[in-house]
Amino acid sequence: MLNCNSRYAKPQFTFFLILLLFKNVFGQDIQTEDNFVKEIAKATTAIDNKNYEQARKTAQGINKSILFLDYSYFLLGEISFQEATKYLAKKTYHLQKALSYFHQMTYETPFSPLTKIANKKIAQIEFLIAQDYYAKRSFLTAYVFFEKALQQLYLQGDQSFTLLIPFSFYQQFLQTCSKINNEHIQSQCQAWLRKIFTLLPKNSTEHEILLKSEFDFLKTIKNPPTPSKITQSYKGKDQDLEMMGNIFQNFLKNNTEGTVSELEKFLGEFPKSSQRFRARFWLGKTLLQLKQEERAKIIFHNLATESPLSYYGLLAAYELKQLPGKFIVTTMPKTESTPEINTLYLQPSESFWIKRARLLIKGGLLDYAYFELSQIKARDALSNAFLIELANLSAETNNHKVCFQILSELFNRGAKELNSTFGLRLIFPFPYLDEIKKLALAEQVDPILVLSVIKQESAFNEDALSPSGAAGLMQLMPFTAIDMEPNIKQFDILNTEKNIKLGIAYLKKLIKKYKGNFVLALAAYNAGPAMIDRLLNQNKQDLLLSFIETIPYRETREYVTAILRNYYWYSHLLKGEYLSLNSEAKINDISIFFLPNHGP
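In my numbering, the protein residues as written are 80 to 679.
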């Protein structure tokens with residue numbers, strides 16, 4: 080299959096209606112649509128086999144399809160792009176041809192989920208054309224294409240400059256700039272170089288190369304402060320979060336009776352808060368301290384029943400001395416494909432994408448179906464059964480990011496359908512498992528821990544780029560990657576094997592720093608070891624369970640608890656083990672939070 084990256088265009092309502100009108104006029108039926116899917120598969124296979132003439136003929140035939148018009152242009156663009164590397168004598172010709180197909184696709188089918196993939200291809204092609212003109216000493220033309228490529232990358236986001244394109248392209252751009260004696264172009268060159276320079280980690284190889292260039296003005300530029308992966312979600316605290324934080328501080332002061340009344344008030348005021356399971360668990364713990372065991376058991380039982388797959392559901396089950404698996408049913412939840420009530424609340428473009436995704440899945444084209452589902456959003460008006468169907472479709476295409484977003488909406492609704500073996504499969508997939516096992520065992524790090532981290536960091540999206548610059552499956556910051564491998568090229572950070580390897584090395588370093596306590600290591604992986612070290616000095620909690628609750632950053636606190644939950648269920652799914660809870664672990668224990676066992 081073609082190796083495509085997931086980027087999308089904005090829905091175009093008017094164009095979609097025009098498509099529907101044409102479809103009604105020409106009367107394409109399901110059988111015809113299935114045939115076009117087969118043609119897409121045939122063209123893709125021909126491209127993979129480098130049979131470009133057959134691929135071109137097939138792709139041109141797809142142009143007759145109103146439903147898959149964008150795929151025709153996309154495949155034709157890919158064919159010409161690959162021909163450029165094969166037929167070097169006509170390299171520029173084939174690149175220009177590929178460029179025209181991708182531009183035509185983005186112009187004629189702006190609704191297409193393939194649009195942003197095409198935009199990245201356009202940037203890459205423009206760089207290659209620029210290099211070709213540079214080699215012919217047509218420096219001005221080369222500069223024009225470099226400028227176009229940089230503008231295209233700029234639209235993709237800051238990190239695209241350093242992570243999506245090999246640095247050799249930028250070196251060629253720098254050399255092109257040095258050959259042109261034009262004040263306006265020199266000014267533009269400096270602006271782009273300044274942009275690229277400030278995005279590179281100051282101890283990177285690429286940073287040093289630019290410093291040694293003839294553009295002396297770069298030596299006077301101070302790099303901006305290193306961004307942190309941890310950010311506060313809001314400028315001000317949410318009321319429920321602030322109230323829950325104050326309640327827990329009260330609990331730590333052993334004001335148990337006051338804590339009970341405050342937690343009951345919290346649950347009354349914020350019954351649908353994301354903190355509700357946390358509040359209910361600590362209400363049960365507080366009641367235990369007051370010797371109100373029966374009332375505490377009822378709270379724990381209800382919590383474990385309503386949310387057995389969550390972190391606090393696990394804790395509640397173990398307070399009852401029962402395995403969490405007892406609260407999971409094997410019944411398949413009800414799903415709905417296209418009920419009228421749901422299609423009314425979907426955007427026209429979303430209905431279009433879902434229809435195409437089903438056809439592509441049926442035809443075995445999961446890579447393409449992945450992109451079709453990538454902009455589907457869960458919303459209040461959509462039924463649980465329909466969202467479960469969408470989550471299942473997303474999981475089938477390995478689009479776990481969309482699947483998790485939908486499941487999160489269902490979780491916030493308290494959907495009981497998730498408390499099933501079906502829900503367990505959707506929530507805890509394990510792609511990349513073979514690579515993770517190989518790389519983790521080589522470093523003597525638990526592969527299940529690595530899998531649990533990747534699920535939380537990137538939702539198994541190998542091309543993930545965060546606003547702060549974290550990249551790839553393990554969301555490595557560029558400066559962290561350099562610490563692990565000083566000579567690494569920025570472009571290689573998104574390489575799947577390299578990303579996992581360096582992420583494991585960093586995780587191992589943190590586990591060693593915190594003497595085997597992977598709760599502290601996980602918190603440091605998310606928020607940075609400096610923050611965790613400060614917290615350890617300030618936080619006098621002896622118990623690990625209480626320490627987690629007092630982590631001041633919501634993102635880090637929920638990150639740690641989510642990975643503990645992941646670790647538990649992955650251990651069960653992959654090893655058949657139920658883990659026992661060491662809830663009395665001390666903060667400086669070398670024991671981990673969940674210890675291997677076959678039951679409490």
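C-beta: ideal position from N, C-alpha, C; glycine also.
Quick one, which of the options has its alpha-carbon nearest residue i's?
| i | options | result |
| --- | --- | --- |
| L297 | A197, D211, R273 | R273 |
| K516 | S531, L505, R504 | S531 |
| L174 | E162, T194, T185, M184 | E162 |
| Q210 | A609, Y249, S625 | Y249 |
| V408 | D317, A600, F225, L503 | L503 |
| S389 | K344, T410, E576, F356 | F356 |
| D612 | G392, Y593, L423 | Y593 |
| S537 | I145, Q484, A168 | Q484 |
| K136 | S151, S144, I145, F147 | S151 |
| Q222 | A177, I244, W271 | Reading off the sequence shown, one finds Tyr at residue 222, where the question assumed Gln. Answer by Cα proximity: W271. |
| N540 | P508, N114, K434 | P508 |
| L425 | L438, S462, Y397 | S462 |
| E118 | M411, D525, L444, T629 | L444 |
| E398 | E373, T414, P412, E415 | E373 |
| L236 | N566, K195, K351 | It should be noted that the sequence gives Gly, not Leu, for residue 236. Closest option to G236, Cα to Cα, is K195. |
| D513 | L167, E576, P631, F349 | E576 |
| K405 | H380, Y391, P427, L423 | H380 |
| I275 | A584, I244, A375 | I244 |
| I666 | N325, F558, L599 | L599 |
| Y391 | E496, M610, R636, F153 | R636 |
Could you tell me the alpha carbon to alpha carbon distance between residue i and residue j, rounded to whole angstroms?
| i | j | result |
| --- | --- | --- |
| Y449 | T476 | 5 Å |
| Y313 | G551 | Confidence is the limiting factor: at Y313 the pLDDT is only 37, short of 50, which leaves the residue's position unreliable, though a coordinate-based value still follows. Looking at the two C-alpha atoms, the distance is approximately 25 Å. |
| Q554 | A543 | 7 Å |
| T640 | N142 | 50 Å |
| F225 | T241 | 15 Å |
| K165 | N128 | 13 Å |
| N578 | R633 | 26 Å |
| Y213 | A202 | 16 Å |
| S586 | S650 | In the sequence under discussion, the amino acid at residue 586 is Leu, which differs from the Ser named in the question. Whole-angstrom Cα-Cα distance: 19 Å. |
| K200 | A177 | 9 Å |
| F673 | G363 | 21 Å |
| G315 | M323 | With a pLDDT of only 46 at G315, under 50, the local geometry of the prediction cannot be trusted, and the value read off the model is given with reservation. One C-alpha to the other measures close to 15 Å. |
| A521 | L290 | 37 Å |
| E385 | D621 | 30 Å |
| I533 | N605 | 12 Å |
| L234 | E187 | 20 Å |
| E285 | A584 | 22 Å |
| T629 | T123 | 53 Å |
| Y657 | L614 | 31 Å |
| F626 | N645 | 19 Å |
Just to check my reading of the structure: residue i and residue j have Cβ atoms closer than 8 Å, yes? What is that Cβ distance to the nearest angstrom?
| i | j | result |
| --- | --- | --- |
| I467 | E429 | That belief does not hold up - the Cβ atoms of I467 and E429 are roughly 16 Å apart, past 8 Å. |
| F294 | Q269 | 7 Å |
| G156 | M184 | 7 Å |
| R359 | L369 | Between L369 and R359 the Cβ distance is about 16 Å, and since that is not below 8 Å, they are no contact. |
| P403 | P387 | 5 Å |
| L581 | P608 | About 16 Å; that fails the 8 Å criterion. |
| W432 | E451 | 4 Å |
| E205 | K227 | 5 Å |
| I572 | S283 | No, I572 and S283 are not in contact; Cβ-Cβ is about 10 Å, not under 8 Å. |
| L505 | A474 | 5 Å |
| Q535 | Y638 | 6 Å |
| N329 | E321 | Not confirmed; about 13 Å, so no contact. |
Going by DSSP, what residue range makes up the alpha helix (DSSP H) through residue i?
| i | result |
| --- | --- |
| Y150 | 148 to 165 |
| I378 | 372 to 385 |
| N667 | Here N667 belongs to no alpha helix (DSSP H), and DSSP marks it neither H nor E. |
| K413 | Careful: K413 lies outside any alpha helix (DSSP H) and carries neither H nor E. |
| T137 | 131 to 141 |
| D317 | Premise fails: D317 is in no alpha helix (DSSP H) and is neither H nor E. |
| T476 | Careful: T476 lies outside any alpha helix (DSSP H) and carries neither H nor E. |
| G404 | Counting along the chain, G404 falls outside any alpha helix (DSSP H), and DSSP gives it neither H nor E. |
| E336 | 335 to 348 |
| E663 | Taken as a continuous stretch (DSSP letters only), E663 belongs to no alpha helix (DSSP H), as it is neither H nor E. |
| N61 | For residue 61 there is no data in the structure shown, the boundaries of the chain being 80 and 679. |
| T171 | 170 to 187 |
| Q368 | 355 to 368 |
| A395 | 390 to 398 |
Go to residue i, then tell me how far its beta strand (DSSP E) extends in each direction, as first and last residue.
| i | result |
| --- | --- |
| L658 | 657 to 660 |
Distance cutoff 8 Å, beta carbons only. Does residue i sit that close to anything in chain E?
| i | result |
| --- | --- |
| K376 | Structure shown: chain E not included; a single protein chain is present. |
Between residue i and the ligand ATP, is the CB less than 7 Å from at least one heavy atom?
| i | result |
| --- | --- |
| Y638 | The ligand ATP is not among the ligands present in this structure, which contains no ligands whatsoever. |
### Query
Of all the beta strand (DSSP E) runs that stay within the bounds of the segment 217 to 299, which reach a length of 3 or more residues?
none
### Task
Identify every run of the alpha helix (DSSP H) within the segment 582 to 659, keeping only runs that are complete inside it and at least 4 residues long; order them along the chain.
597 to 606, 608 to 617, 623 to 628, 633 to 654
### Task
Pick out the complete alpha helix (DSSP H) segments inside the segment 415 to 455, 4 residues or longer, and give them in chain order.
Those alpha helix (DSSP H) runs which fall completely within the segment 415 to 455 and span 4+ residues are 419 to 422, 427 to 441, 445 to 451.
### Task
May I have a chain-ordered list of the beta strand (DSSP E) segments no shorter than 3 residues that lie completely inside the segment 496 to 573?
none
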